[in-house]
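K.L.:
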Amino acid sequence: MLLISEFGSSKSDFSFTFQLRTLLSKTSVGLNSQAAIAKLLAPSASANVCLRTDQRNLHSRNTKSRNQSKASTVKFEQTRHKTSYGYIEPVSVNTMKIKNAFILSGARTGFGTMNSALASVTAPKLGIIAVKGALEKSKIKPKDVTSVYAGTVIQAGTGENIARQISIGSGIPTTVPCMTLNKACSAGMTALIIGAQHIHIGYQQCIVGVATESMSNAPFILPRHLPTGGLMLEDTIDRDGYLDPVKGVSVAMLAEKTARELKISRADQDAWSLESYKKASKAWKVPKTLTLVISVALGISIDHFLPNTIQFYQFSNAQD
């Protein structure tokens, strides 16, 4: 999704993407009228917003308590420094204008069950498909992206820094900083939150946030040493996804324990799950939902024949 600012007050194979965009003023390059803003926010908007601003960085100097009604406030050095990335212009927290962030566009791939249609597509490749789709929808050029964050859980076997892989595969310049985040199931949302925070303080202008996962490509692992008695394969889906490394037990067991402590009955859990499915079913009936899904080109595959699962129809003419 695309978040714009400053003109107003997974545990399957999938990927979705967010982009965050700051519009510093209505007089900025590429945006010179309220009509352009209205067009940009319209559901079918295709406005091309291209503006560049100096990146800013904030350098903490010291903290001082102002009074009883305010928390500790960070003061910032006021000297303007020129770097290869632009000008560093720290400002005071008390006077800094907080910019709003708005969602402009979004895209995601479909969800595939484990070892099914999307099993041959890795997590980075799924992320690339989603980012390209979001950029195309928003008409934002890859060169205008200022930072990329990618959230994922099972990182084993995906290669270094998934965010960088997705960024390069999407045509974003290699000079753009990229960061891979792992906060378990909330990794993707964390990417969005951090991007929004950077827009709020004016540090970034166009943030791409991605969440991607491919359980089908999660590898099995072996220890490097050779223990007596043989080796045992370990599933990274369990090791990196479902096993609590602190307690050494499955998250499912911890969920059962939490439910008992909070007196959440099985009936309550089933009712909640049913409501979730109802919401998903209702959402798929909304045409706008379908516009968010980007197709994944897999080509033609040959599979073994399963009796009673394929029906053949003979058409009398093309119109049939």
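The working numbering puts the first residue of the sequence shown at 807, with every later residue one more than the last. C-beta atoms are modelled at their ideal positions from N, C-alpha and C, and glycine is treated no differently.
So Ser953 and Ile1013 are supposed to be a Cβ contact under 8 Å. How far apart are they, rounded?
P.N.:
Yes, Ser953 and Ile1013 are in contact; Cβ-Cβ is about 5 Å, under 8 Å.
K.L.:
What does the alpha-carbon distance come out to for the pair Ala940 and Arg1045?
P.N.:
Rounded to the nearest angstrom, the two C-alpha atoms are 32 Å apart.
K.L.:
Could you check which residue in Gly1047, Met920, Leu932 and Lys1085 has the C-alpha nearest to that of Val1099?
P.N.:
Here the closest residue by C-alpha is Leu932.
K.L.:
Can you check which of these residues, Lys1084, Asp1041, Gln961 and Phe1026, is closest to Thr928 by C-alpha distance?
P.N.:
Selected option, being the one with the closest Cα: Gln961.
K.L.:
Which residues in the same chain have their Cβ closer than 6 Å to the Cβ of Gln1010, if we skip the five residues on either side of it in sequence?
P.N.:
Cβ neighbours of Gln1010 beyond the five flanking positions: Thr952, Ser953 and His1004.
K.L.:
Is Leu932 helix, strand or coil by DSSP?
P.N.:
The answer is helix: DSSP assigns Leu932 an H, G or I state.
K.L.:
In three-state DSSP terms, what is Ala877?
P.N.:
The pLDDT assigned to Ala877 is 33, lower than 50, so where the model puts this residue is not dependable, and the model offers no usable value.
K.L.:
Which one of Arg1072, Arg1066, Ala956 and Ser1101 has the shortest CA to CA distance from Ile995?
P.N.:
Residue 995 is actually Met in this sequence, not Ile. It is Ala956.
K.L.:
Just to confirm the assignment, what range does the beta strand (DSSP E) spanning Thr986 have?
P.N.:
Cys984 to Leu987 is the span of the beta strand (DSSP E), which, as asked, contains Thr986.
K.L.:
Taking DSSP's pairing of strands, which residues face Asp1041 in a bridge?
P.N.:
Paired residue(s): Phe1026.
K.L.:
Between Pro983 and the rest of its own chain, which residues show a CB-CB distance below 6 Å, the 5 nearest in sequence each way excluded?
P.N.:
Same-chain partners within the cutoff: Ser953.
K.L.:
Closest to Cys991 by C-alpha separation, out of Leu910, Gly1015 and Val959, would be which residue?
P.N.:
If we check each option's Cα against that of Cys991, Val959 comes out closest.
K.L.:
If you reduce the DSSP assignment to three classes, tell me which class Gln861 lands in.
P.N.:
With a pLDDT of only 34 at Gln861, under the threshold of 50, the placement of this residue in the model should not be trusted, and no figure is reported.
K.L.:
Taking 8 Å as the threshold, find out whether the region 1025-1044 comes into contact with the region 970-983 through three or more Cβ pairs.
P.N.:
With the cut-off at 8 Å, the region 1025-1044 and the region 970-983 do not touch.
K.L.:
Quick one: what does DSSP say Ser1079 is sitting in, helix, strand or coil?
P.N.:
Note: Ser1079 maps to helix in three-state DSSP.
K.L.:
Suppose the cutoff is 8 Å on Cβ atoms and the five residues either side in sequence are ignored; what does the same chain contact list for Leu1049 look like?
P.N.:
Answer for Leu1049: Val1055, Ser1056 and Val1057, listed in chain order.
K.L.:
Please list, in chain order, all residues of the same chain as Lys943 whose beta carbon is under 7 Å from its beta carbon, the five residues on each side excluded.
P.N.:
So the qualifying residues of the chain are Ser911 and Ala913.
K.L.:
Counting along the chain, where does the alpha helix (DSSP H) carrying Glu1067 start and finish?
P.N.:
Unbroken alpha helix (DSSP H) run through Glu1067: Val1057 to Leu1068.
K.L.:
If you draw a straight line from the alpha carbon of Ser1079 to that of Ser1101, how long is it in whole angstroms?
P.N.:
For Ser1079 and Ser1101, the distance between alpha carbons rounds to 27 Å.
K.L.:
Applying the 10 Å Cβ sphere with the 16-neighbour rule, what's the burial state of Ser875?
P.N.:
At Ser875 the pLDDT is 33, less than 50, meaning the model places this residue with poor confidence; the figure from the coordinates comes in the next sentence. The residue is exposed, with fewer than 16 neighbouring Cβ atoms inside 10 Å.
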